[in-house]
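Residue 176 in my numbering sits at position 196 of the sequence shown; the count goes up by one each step and never skips.
We put the beta carbon where it would ideally sit given N, CA and C, even for glycine.
Please read these numbers as outputs of a predicted model, since none were measured by experiment.
Just below is one structure, and these are the notes that go with it.
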Amino acid sequence: MEKVYNDNKSRYIIAIDGPAASGKSTTARLIASELQYVYIDTGAMYRACGLRSKQLGISLDNVPKIGEMLDEIKIEIVFHEAGNRFLLNGSDVSEMIREKDISRLASDISQIGIVRERMVDLQRDLGKGGGVVMDGRDIGTVVFPHADCKFFMIADVDTRAQRRVIELKAKGIEADFEEVRKDLIWRDNNDSTRKLAPLRKAEDAIEIDTTGLTIDEQVAEIVINIKNKMYA
Ligand code: DC
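Below, the structure is given as structure tokens:
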């Protein structure tokens, strides 16, 4: 007889953390699609904050101004299986938030306490009903420390840089391997040495090294782990 999820088990919270370009977002999106869950990319939220600070010309040292910015910022996610769209105060910024200077800005703005507080509130609100796959840096450690399944994805830096170059080229953006590699190292360091919610593996997270894996293999490995837990 075919097993079916019971109500509770079909509403898991799945946390996927890991360094930049470790394959989290593609994997998380495909897992969500396989489980018919919602995918939430928390990095995009910090990217939207970084973009807004740039649009308003606010220096990241000016915390009161950042606070005012947070009071007027509206981040919306339009859910699509093929890839969610991000709206910032009503405008679609899905492409703009992927630009290189925004990656650095996102990493820097995510160090500010009030920014993290707001984003974590938003993330908890979006995920509280379960049935979500959420990826980021602190999902398993801070946002949902009691998530049903936690994964920590890693891959060596050359592999990550190579994948990022291919991804950018596919979007028609020229990218230099060395520059991308340097940028990833800078971000890993910035994200893992910060005081608040630094990037680290939760003790109970399963580590997946994707260096030699294809996307399909990464997805399969994670889905097997989730289903084993659901049917245990
Ligand atoms: O996942 P990403 O590369 O799009 O994230 C952009 C930046 O946002 C990342 O360098 C650090 C920050 N971030 C964070 O601090 N916490 C998260 N849960 C997700 C991202």
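Excluding its 5 nearest sequence neighbours in each direction, methionine 49 has C-beta neighbours in its own chain below 8 Å: Cys29, Arg32, Ser33, Leu36, Ile38, listed in chain order. Ligand 1 never approaches arginine 161 closely enough for any of its heavy atoms to be under 8 Å from the residue's Cβ. According to DSSP, aspartate -3 shares a beta bridge with Gly116, Phe132. Not one heavy atom of ligand 1 falls within 8 Å of the beta-carbon of serine 33. Per DSSP, reduced to three states, the secondary structure at arginine 174 is coil, with no helix or strand assignment. The C-alpha of lysine 181 lies about 30 Å from the C-alpha of lysine 149.
Inclusion of alanine 1 in the 8 Å shell around ligand 1 follows from its C-beta lying nearer than that to a non-hydrogen atom of the ligand. For isoleucine 20, the enclosing beta strand (DSSP E) has its first and last residue at 18 to 21. Counting every other CB atom within 10 Å of its CB across the protein chains shown gives glycine 47 a total below 16, marking it as exposed.
Relative to ligand 1, the beta carbon of asparagine 69 is positioned no closer than 8 Å to any heavy atom.
Valine 73 sits in coil when the DSSP states are folded into three classes, being neither helix nor strand.
DSSP places phenylalanine 157 in the helix class (H, G or I) of the three-state scheme. Taking the CA atoms as reference points, aspartate 168 sits about 22 Å from threonine 194. Alanine 155 has its alpha-carbon roughly 10 Å from the corresponding atom of lysine 80.
In this chain, the alpha helix (DSSP H) harbouring arginine 104 covers 93 to 107. Where leucine 179 is concerned, there is no enclosing alpha helix (DSSP H), because DSSP gives it neither an H nor an E. The C-beta distance from isoleucine 89 to leucine 40 rounds to 6 Å, short enough to fall under 8 Å. Distance from the CA of alanine 185 to the CA of valine 113, rounded to the nearest whole angstrom, comes to 14 Å.
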